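Peer 1: Submitted below is the structure of interest, expressed as structure tokens.
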Amino acid sequence: MPTVAGTAVPKPVRVILARTGHALGLLVAVIFVGFTLLHLAPGDAADVINSISGGGDQEFIDQIRRDRGLDRPYHEQLIDYTLGVFTGDFDDSYQYQTPVRDFVLDRLWPTLLLTGTALLFAVIGGTLLGIYAARRPTKASSHFVTAVSLFGFSAPVFWTGIMLLLIFSLWLPILPTQGMHSLVLENDGWFDRQWDTFQHLVLPAFTLGFLYLAQYSRIARASMLEVLGSDYVRTARAKGLRERIVVYKHALRNAVIPVVTIAGLQFSQLLSGAVLVEVVFGWPGMGTLAFEAVLTRDAPILLGVLIVSTMVVIVVNLLTDLSYRIIDPRIRFGRT
Amino acid sequence: MGTTSKRILLATAVLAIFALLAASCGDDDTDSSVVVDPPVLDTVPQDLNQTTEPPPEEDPDPVDPEPDPPDTTEPDPPDTPDPEPVTGGTLVYAMQTLPTHFNGNIASGTPPNTPGSQLFASPLRFDGEWNPQPYLADSWEFSDNGTTLTLHLNENALFHDGEPVESHDVAFSIRMNQENHPFKPMFAAVTDLDTSDPHTLVIKMANPHPAILIAMSPALLPVFPEHVYGDVENIRDCTCNSTAGELVGSGPFVLDEFDTTNRVIRMSANEDFFMGRPYVDDIVIAVRPSVNELITEMENGEIHIGNVQGVADLQRVSNIDSLTVTPQGLEGIGAVVSMQFNLEDEVLAIKEVRQAIAYAIDKDFIIDELQGGLPFRAKSPIHPGSPYYDPDMEGYEFDQAKAAELLDAAGFPAGDDGKRGISLTIDAIPTADDYQSVVAEYAKSALADVGIDLELRASPDFGTWAGYLANRNYDITMQILFMWADPIIGVHRSFLESNIVPIPFANNSAYINPELEEMMLAAGTEADLDARAQSYREIQAVLAEDLPFHWIETLPTNTVYNTAVVQNPPLSIWGIMSPLHEVWLAQ
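Chains as they are written, first to last, in numbering that gives the first Met the number 0: chain A, 0 to 335; chain B, 0 to 586.
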């Protein structure tokens with residue numbers, strides 16, 4: 000590759016800078032589109048606040064519009080909002096009149112915990128199932144894995160969620176139904192609280208992960224089958240390595256690349272899937288926040304969730320990119 | 000041989016999965032099939048729809064003469080004669096929406112009042128029959144001309160910080176309410192508050208104002224300590240309305256935590272509550288927007304009390320043995336479902352057209368077929384549970400011939416295809432489908448039968464619909480209006496000319512009738528309650544004739560509670576929005 004102006008800047012830094020530039024552009028575009036769409040929708044904060052309080056007078060309504068700057072022209076509001084986002088100010092919620100930033104940040108951790116656990120479960124579980132199936136491609140157990148995968152893939156996530164709730168919370172009452180913490184907790188030690196959260200996490204994370212588990216196990220199986228047939232694996236076997244070493248050390252590394260690619264790409268889908276799962280399980284994440292904001296027409300919260308989700312997706316994509324370079328030495332910086 | 004055994008295994012695996020599914024669904028199915036035999040009647044006294052009596056006075060008897068064990072609906076706590084109340088335990092109940100504050104002096108509604116009524120006491124509270132009961136006020140009396148109300152306050156009442164509740168605190172709360180609460184008619188008549196005796200408050204009014212008593216309910220006039228809130232500049236935005244540690248109340252429970260992330264409110268018993276320490280140690284209020292999961296949690300005992308509205312949801316809870324369902328509790332809010340007409344539309348401006356539409360709608364079909372007989376029939380803006388409701392008035396009984404006649408007379412004869420050249424739209428509140436869009440869909444086909452074209456316009460969310468309503472950008476809309484205890488609060492507003500403003504829940508029909516306004520003014524300021532009831536009967540007759548709305552039914556806000564656990568459940572007209580210090584838990 001010809002080195003022109005950027006010789007002084009090392010390649011990894013340049014890659015990251017370029018990525019950040021793209022990310023900023025994307026973010027501004029998302030703010031513009033989101034803000035404009037919500038602005039175009041009929042009814043505003045004044046209508047919302049007024050309808051919550053059961054009807055007030057015109058003076059009250061005008062007061063709300065003035066206080067929130069809703070009487071200013073559209074472009075001023077847009078510019079103010081965009082500048083605000085870059086300084087960490089996401090405006091105030093219509094409903095609660097408190098900063099949106101606090102709301103979204105409070106809900107970010109539960110969402111990351113849920114999606115992170117689900118993703119780990121799906122990637123690890125999917126890959127292991129895929130390998131298992133690939134090593135015995137014609138056995139019945141392989142077909143069983145296929146059947147489970149297809150089932151998980153085709154069942155709608157809210158349906159799976161409700162069924163699991165009915166089975167594990169009502170029928171066999173061993174897991175809690177809603178939320179992230181018990182309403183009444185008998186012992187209040189640190190460990191009790193973590194255990195309580197873990198119990199609450201099991202069903203939603205499984206529900207969300209199950210959908211993707213299916214896909215990853217299919218991908219891992221196909222890619223493993225391909226890798227197991229390749230020359231270097233034959234060489235490894237020929238030099239007398241044990242099958243376990245061949246599969247898990249030599250073949251897996253290559254076989255897992257497509258899984259990581261898809262997992263990274265699909266993280267945004269995982270976030271949107273989390274909306275449904277969070278609503279079904281009352282998980283206090285950004286999904287429920289967005290869902291409630293839609294119902295109560297709390298545009299600033301909705302926009303805040305949208306922007307923060309965009310940021311999360313951007314960061315995850317960047318991390319995915321970096322992780323390829325770690326898994327596959329052929330695409331390290333400077334060698335592309 | 001290999002392939003055969005593989006296939007068998009595969010088939011078994013698939014079957015196993017389906018069996019698992021079937022088991023989980025089957026559980027659900029058997030539940031709903033039970034619905035058919037012992038119908039909802041068991042728990043919800045359905046026949047109230049046919050009778051004209053207000054719900055609270057009705058006997059829950061009939062249909063099923065054999066006496067039922069305690070899990071049926073009885074107006075009184077359904078337990079054995081003299082159970083000794085037990086102290087202790089945590090009462091868990093649910094509400095649908097996360098509140099933004101707990102201050103009933105700046106706005107009322109189930110979100111602020113459900114916690115607010117535990118944190119703040121008020122001068123009076125009400126039983127299940129709309130009778131005022133002593134609360135912070137031990138006794139009270141009106142002067143002969145009805146313009147002065149004297150409250151004698153309980154001398155033992157303390158705020159959560161230990162300071163006594165005195166007359167200046169009540170006066171302070173009334174003023175806060177006057178300045179901030181959207182329900183202006185509650186205290187607009189109050190001209191002077193005499194606090195010269197710390198335990199006597201003398202309220203002077205410009206005119207007789209009997210509704211002031213119910214306006215002193217916990218949901219409408221929580222008493223705030225003046226020494227804490229007196230210096231707050233903008234009470235609407237004050238964090239002291241909802242933050243543990245800052246909020247100082249007067250009620251039976253003290254705020255411990257308001258967790259907006261996990262949507263939970265925690266309170267503990269006020270040890271020094273002047274009416275005696277509450278039986279339960281703690282209250283946890285869980286916000287549950289989704290009724291489906293709420294019911295699951297109620298069934299497995301995690302939540303003890305909740306309110307359920309949806310038709311299918313109510314039928315589901317009726318079939319859960321451990322739960323009691325009753326239409327009692329929350330009559331005070333008085334929600335009535337109606338069809339509202341925009342009188343600025345030139346066709347709907349014709350009274351006969353509106354009446355024809357009313358005759359063309361079969362309320363019995365709506366209530367019995369579409370909604371499982373759960374709502375009560377409504378004929379006026381006054382909730383059938385209210386003492387001011389006129390049970391004897393003519394409703395619009397389903398009569399298509401009459402509708403056709405009225406339309407002919409109004410100058411809309413049927414054409415060869417049966418159509419009358421009237422084409423209208425109907426809107427519906429998007430958050431209560433069973434009682435809104437479902438009824439609108441039915442209205443579309445019902446009106447088609449009499450030659451009127453009706454088109455359903457969907458709103459994506461509540462705000463959009465409220466915008467249409469506020470700007471009178473509609474022909475007909477489905478509506479739910481809340482009476483809020485007295486017609487002067489929630490009924491008058493829809494019919495005042497001065498209230499034709501671009502705000503939802505004002506006079507959004509643009510209905511003008513100066514004569515009716517005079518009648519309403521007279522009724523509102525009538526000190527004699529019998530005369531007042533008579534005036535409201537006359538008002539209801541005028542409204543039924545003019546029909547700016549077609550009132551259809553009540554919105555069922557049924558209370559559901561765990562029969563074995565919750566003793567002395569809150570079934571007064573304010574239900575869960577009344578102080579819960581007398582509720583106890585059997586464990």
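Where a beta carbon is used, it is the ideal one built from N, C-alpha and C, also for glycine.
Quantities reported herein were computed from a predicted structural model and do not represent experimental measurements.
1. For a minimum of 3 consecutive residues, which ranges assigned as the beta strand (DSSP E) are wholly contained in the stretch 487-559 of chain B?
2. Quick one, are the C-beta atoms of Val103/A and Leu288/A less than 9 Å apart?
3. Could you tell me whether any Cβ in chain B is nearer than 9 Å to the Cβ of Leu165/A?
4. For Ile73/A, decide whether its Cβ has a neighbour in chain B, counting only Cβ atoms nearer than 9 Å.
5. Roughly how many whole angstroms lie between the Cα atoms of Asp90/A and Glu232/B?
6. Going by CA-CA distance only, name the one from Asp527/B, Asn557/B, Leu570/B that's closest to Asn206/B.
7. Step through the CB atoms of chain B and report whether any lies within less than 9 Å of the CB of Ile161/A.
8. Count Cβ pairs between the stretch 111-120 of chain B and the stretch 249-259 of chain B that sit closer than 8 Å; are there 3 or more?
9. Between the Cα of Arg456/B and those of Asp448/B, Ala442/B, Thr562/B, Gly450/B, spot the shortest distance and give me the residue it belongs to.
10. With a threshold of 16 other CB atoms inside 10 Å of the CB of Thr35/A, please say whether the residue is buried or exposed.
11. In the DSSP assignment, what are the bridge partners of Leu584/B?
12. Name the chain A residues whose beta carbon is nearer than 7 Å to that of Pro644/B?
13. Tell me which residues of the stretch 159-176 of chain B have at least one Cβ-Cβ distance to chain A shorter than 9 Å, keeping chain order.
14. Sort Asp236/B, Ile234/B, Val227/B by Cα distance to Gly244/B and report the nearest one.
15. So Phe186/B contacts chain A; which residues on that side make the cut at Cβ distance below 9 Å?
16. Does the contact criterion of 3 or more C-beta pairs under 8 Å hold for the stretch 317-329 of chain A versus the stretch 275-285 of chain A?
17. Would you say the stretch 242-261 of chain A touches the stretch 308-316 of chain A, given that touching needs at least three Cβ pairs under 8 Å?
18. Strictly under 9 Å for the Cβ-Cβ distance: is Ile575/B near chain A by that measure?
19. At which residues does the alpha helix (DSSP H) containing Tyr80/A begin and terminate?
20. Could you have a look at Phe141/B and say whether DSSP puts it in helix, strand or coil?
21. Since Thr295/A and Gln76/A should fall inside the 8 Å C-beta cutoff, what is the C-beta to C-beta distance between them, to a whole number of angstroms?
22. In whole angstroms, what is the alpha-carbon distance linking Met162/A and Ala585/B?
23. Among the residues of its own chain, which have a CB less than 6 Å from the CB of Pro9/A, if the five just before and after it don't count?
24. What residue does the beta strand (DSSP E) around Arg124/B start on, and which one ends it?
25. With 9 Å set as the bound, which would you pick, yes or no: does the beta-carbon of Tyr95/A sit closer than that to a beta-carbon of chain B?
26. May I have a chain-ordered list of the alpha helix (DSSP H) segments no shorter than 4 residues that lie completely inside the stretch 225-273 of chain A?
27. Counting only beta-carbon atoms, is Phe461/B nearer than 9 Å to chain A?
28. With burial defined as no fewer than 16 other Cβ atoms inside 10 Å of the residue's Cβ, what is the status of His21/A: buried or exposed?
29. With a threshold of 16 other CB atoms inside 10 Å of the CB of Thr110/A, please say whether the residue is buried or exposed.
30. According to DSSP, is Phe186/B part of a helix, a strand, or is it coil?
31. CA-CA distance, Leu212/A and Phe280/A?
32. Suppose you measure from the CA of Trp550/B to the CA of Met179/A; what does that come to, to the nearest Å?
33. Whole angstroms are fine: how far does the CA of Gly108/B sit from the CA of His198/B?
34. Among Gln95/B, Ala465/B, Gln539/B, Ala509/B, which has the Cα closest to the Cα of Ala40/A?
35. Between the alpha carbons of Ser23/B and Leu202/A, how many angstroms are there, rounded?
36. From what residue to what residue does the alpha helix (DSSP H) around Gln478/B run?
Peer 2: The short version:
1. 548-553
2. yes
3. Closer than 9 Å: yes.
4. Here residue 73/A is Tyr; the residue named in the question, Ile, does not match the sequence. Chain B contact via Cβ: absent.
5. In this structure, the alpha-carbon of Asp90/A lies about 22 Å from that of Glu232/B.
6. Asp527/B
7. yes
8. yes
9. Considering only Asp448/B, Ala442/B, Thr562/B, Gly450/B, the residue with the shortest C-alpha distance to Arg456/B is Ala442/B.
10. With fewer than 16 other Cβ atoms within 10 Å, it is exposed.
11. Val565/B
12. Within the shown structure, residues of chain B are numbered from 0 to 586, placing residue 644/B beyond reach of any answer.
13. Residues passing the 9 Å Cβ filter: none.
14. The residue among Asp236/B, Ile234/B, Val227/B with its C-alpha nearest the C-alpha of Gly244/B is Val227/B.
15. Neighbours of Phe186/B on chain A: none; closest Cβ ~15 Å, over 9 Å.
16. no
17. no
18. no
19. 73-85
20. Of the three classes helix, strand and coil, the one that applies to Phe141/B here is strand, per DSSP.
21. Going by Cβ atoms, the distance from Thr295/A to Gln76/A rounds to 20 Å, so no, they are not a contact pair.
22. Taking the straight line from one Cα to the other gives about 31 Å.
23. none
24. First-last of the beta strand (DSSP E) with Arg124/B: 123-125.
25. yes
26. Entirely contained in the stretch 225-273 of chain A, the alpha helix (DSSP H) runs reaching 4 residues are, in chain order, 230-237, 251-254, 256-264.
27. yes
28. exposed
29. buried
30. coil
31. 20 Å
32. 43 Å
33. Approximately 29 Å between the Cα atoms of the pair.
34. Ala465/B
35. Its pLDDT being 40, under 50, Ser23/B is placed unreliably in this model, and the coordinates cannot settle the point.
36. That residue, Gln478/B, is in no alpha helix (DSSP H); its beta strand (DSSP E) goes 475-481.
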